[in-house]
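Participant: If you scroll down you'll find the structure; I have some questions about it.
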Amino acid sequence: MVAGFAEGTLSPVDVLDDVQSRIEVLEPHVQALYAPDPVAARDAAEASLLRWREGTPAGPIDGVPITLKENIPTRGTPVPSGTAATDLVPAAADGPPAARVREAGAVILGKTTMPDWGMLSSGLSSFHPLARNPWNLDWNPGGSSAGACAAGAAGYGPLHVGSDIGGSLRLPAAWTALVSLKPSWGLAPVAPPYWGRVVGPITRTVADCALLLDVLAQPDPEDRDHTSLPPVPARVAPVPDFDPAGLRVGLQLDAGAGMEVAPQVAAAVRAAAEVFARAGADVVEVAPFMTPDSLADLDLFWRVRGWEVFRRLSPARQDAVLPYIAEWCRGGADVAGHEVMRCANQQLEVGRATVAATRPYDLVISPVSPNVAFPAHWPGPANDVTRAMHHIAFTVPYNFSHQPALSINAGFTDDGGPIGMQVAGPRFGDRDVLAAAAWWEGHRPVSATPTWPAPGVADLDPDTRRVGKGLAT
Numbered sequence: 205m206v207a208g209f210a211e212g213t214l215s216p217v218d219v220l221d222d223v224q225s226r227i228e229v230l231e232p233h234v235q236a237l238y239a240p241d242p243v244a245a246r247d248a249a250e251a252s253l254l255r256w257r258e259g260t261p262a263g264p265i266d267g268v269p270i271t272l273k274e275n276i277p278t279r280g281t282p283v284p285s286g287t288a289a290t291d292l293v294p295a296a297a298d299g300p301p302a303a304r305v306r307e308a309g310a311v312i313l314g315k316t317t318m319p320d321w322g323m324l325s326s327g328l329s330s331f332h333p334l335a336r337n338p339w340n341l342d343w344n345p346g347g348s349s350a351g352a353c354a355a356g357a358a359g360y361g362p363l364h365v366g367s368d369i370g371g372s373l374r375l376p377a378a379w380t381a382l383v384s385l386k387p388s389w390g391l392a393p394v395a396p397p398y399w400g401r402v403v404g405p406i407t408r409t410v411a412d413c414a415l416l417l418d419v420l421a422q423p424d425p426e427d428r429d430h431t432s433l434p435p436v437p438a439r440v441a442p443v444p445d446f447d448p449a450g451l452r453v454g455l456q457l458d459a460g461a462g463m464e465v466a467p468q469v470a471a472a473v474r475a476a477a478e479v480f481a482r483a484g485a486d487v488v489e490v491a492p493f494m495t496p497d498s499l500a501d502l503d504l505f506w507r508v509r510g511w512e513v514f515r516r517l518s519p520a521r522q523d524a525v526l527p528y529i530a531e532w533c534r535g536g537a538d539v540a541g542h543e544v545m546r547c548a549n550q551q552l553e554v555g556r557a558t559v560a561a562t563r564p565y566d567l568v569i570s571p572v573s574p575n576v577a578f579p580a581h582w583p584g585p586a587n588d589v590t591r592a593m594h595h596i597a598f599t600v601p602y603n604f605s606h607q608p609a610l611s612i613n614a615g616f617t618d619d620g621g622p623i624g625m626q627v628a629g630p631r632f633g634d635r636d637v638l639a640a641a642a643w644w645e646g647h648r649p650v651s652a653t654p655t656w657p658a659p660g661v662a663d664l665d666p667d668t669r670r671v672g673k674g675l676a677t
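Numbering (my numbering), first residue to last: 205 to 677.
What follows is the structure in structure tokens.
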């Protein structure tokens with residue numbers, strides 16, 4: 205797309221019109237967007253067109269349509285954080301991710317939906333309409349970057365930004381056949397910062413993922429993220445060539461906690477590992493490094509954090525919170541201080557154990573989630589508040605070890621559900637993780653390769669495959 209803008213064979217305005225036409229057809233069914241602003245988007249596209257004509261693009265994604273997760277502030281737009289209990293106060297300024305993509309010339313289509321406070325792997329919310337999975341509208345897209353991944357799979361442009369504190373980028377990407385990287389902690393500034401919290405790209409290809417990460421990883425001039433670091437490496441795009449020969453690749457099929465891995469998920473990830481092995485990698489099975497106690501402590505810590513917010517709400521606002529989340533928060537009430545401290549220390553222990561277990565390997569591949577897509581109206585994969593975090597045992601360790609971890613499609617279930625594979629590497633090995641994923645992208649079998657449009661939306665309208673000029677898809 206960017207090459208077309210530079211050559212004059214594509215126009216940011218025509219591309220935007222194409223995306224808006226697709227949104228008009230699909231959004232009533234997918235319900236991925238919050239606060240779309242087609243007028244501001246068109247103004248941005250027209251400004252981009254002038255810059256390209258003058259040969260002065262603002263950045264590497266000038267003119268490219270993009271969405272931002274709802275909890276990433278954009279000036280003038282309220283940030284409900286997915287819950288009807290929030291006061292709708294317009295944000296005074298762009299958060300760091302929004303500022304960086306705007307500076308780079310991207311055309312912001314609007315925000316994308318999320319569940320209450322981002323504490324569900326679901327498209328269900330007390331504030332937003334139910335987001336649905338474009339692969340099958342009866343399925344959930346996952347979360348908490350629910351609308352972002354629904355938008356990505358529906359073809360609302362090529363670039364989307366989400367956030368992740370335990371798997372919220374990678375999980376929905378896995379269930380929608382997208383690519384998403386949870387970057388090394390501190391690489392991409394975010395406000396407010398929080399232990400293990402990151403923002404990251406959601407795309408259909410690894411190359412686009414790297415391109416967007418370069419934009420997000422630029423320093424924030426206002427220093428709103430005291431945990432952020434200078435860009436390490438300075439650039440990740442273009443993704444370098446990758447040769448698996450001689451690399452030591454860990455294969456993890458047992459997380460040690462949470463839900464059992466579905467047989468079709470295990471088979472897809474094992475088959476991917478065999479592709480790496482046939483190319484010369486030394487593939488070694490990795491023992492579990494999470495435990496039921498560590499997962500339970502992480503859950504309890506977040507419940508206490510949720511309760512601290514929930515208890516301050518008026519009774520009327522508490523009633524507005526999604527009942528599942530309200531029940532989950534109440535599980536953090538009246539927890540003794542020594543228990544909270546144990547849970548806080550558990551975050552450090554999970555990080556230590558993850559680094560120790562993965563240090564012998566150049567890469568570790570695993571399922572993103574042990575399960576496959578689940579019903580659209582469920583609040584989570586287990587549909588059980590007592591097992592609210594039982595699906596994150598593969599993803600959450602890397603939030604607390606601060607290592608990069610990427611989701612990419614590795615196959616499909618018998619009923620066509622995407623299966624995500626996680627590729628993780630050493631801290632600041634983001635470029636190597638992207639390179640390995642790009643190699644897999646080019647070597648995976650046709651049976652594991654997503655084709656677009658996603659089947660759940662392909663037949664909604666006879667012209668869906670030919671919306672506009674087809675420029676955006």
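Glycine included, every Cβ here is placed at the ideal spot set by N, Cα and C.
Measure how close the beta-carbons of Arg648 and Val487 come, nearest whole angstrom, since I'm counting them as under 8 angstroms.
Facilitator: No, Arg648 and Val487 are not in contact; Cβ-Cβ is about 16 angstroms, not under 8 angstroms.
Participant: For the putative contact between Gly404 and Gly366, defined by C-beta atoms under 8 angstroms, what is the C-beta separation to the nearest angstrom?
Facilitator: 6 angstroms
Participant: Look at the alpha carbon of Phe598 and the alpha carbon of Pro630, and state the distance between them as a whole number of angstroms.
Facilitator: 16 angstroms
Participant: Terminal residues of the continuous beta strand (DSSP E) containing Met625?
Facilitator: Its beta strand (DSSP E) spans residues 622-628.
Participant: If we count Cβ pairs, one from each stretch, closer than 8 angstroms, do we get three or more for the segment 275-291 versus the segment 312-328?
Facilitator: yes
Participant: So, do the segment 607-623 and the segment 632-644 have three or more beta carbon pairs nearer to each other than 8 angstroms?
Facilitator: yes
Participant: Excluding five sequence neighbours on each side, which residues of the same chain lie with their C-beta closer than 8 angstroms to the C-beta of Pro717?
Facilitator: For residue 717 there is no data in the structure shown, the boundaries of the chain being 205 and 677.
Participant: Determine the DSSP secondary structure at Val525, reduced to helix, strand or coil.
Facilitator: coil
Participant: Is the Cβ-Cβ distance between Val440 and Ala414 less than 9 angstroms?
Facilitator: yes
Participant: Using three-state DSSP, classify Thr409 as helix, strand or coil.
Facilitator: coil
Participant: For Pro654 and Pro376, what's the separation of their Cα atoms in angstroms?
Facilitator: 15 angstroms
Participant: How about Val490 and Ala561: are their beta carbons less than 9 angstroms apart?
Facilitator: yes
Participant: To the nearest angstrom, how far is the alpha carbon of Trp511 from that of Trp399?
Facilitator: 18 angstroms
Participant: CB Ala614 to CB Trp643, shorter than 9 angstroms?
Facilitator: no
Participant: With burial defined as no fewer than 16 other Cβ atoms inside 10 Å of the residue's Cβ, what is the status of Asn549: buried or exposed?
Facilitator: Asn549 should be labelled exposed.
Participant: Quick check on the burial criterion: 16 or more other C-beta atoms within 10 angstroms. Buried or exposed for Ala537?
Facilitator: exposed
Participant: Could you check the C-alpha separation between Leu417 and Ala392 for me, to the nearest Å?
Facilitator: 8 angstroms
Participant: Where are the beta strand (DSSP E) runs, 3 residues long or more, that stay fully inside the segment 223-280, in chain order?
Facilitator: Here the runs fully enclosed are 269-273.
Participant: Does DSSP classify Trp343 as helix, strand or coil?
Facilitator: strand
Participant: In chain order, what residues of the same chain have a beta carbon less than 8 angstroms from the beta carbon of Val508, not counting five sequence neighbours either side?
Facilitator: Gly536, Val539, Val544, Cys547
Participant: I need the straight-line Cα distance from Trp256 to Gln224, nearest angstrom please.
Facilitator: 21 angstroms
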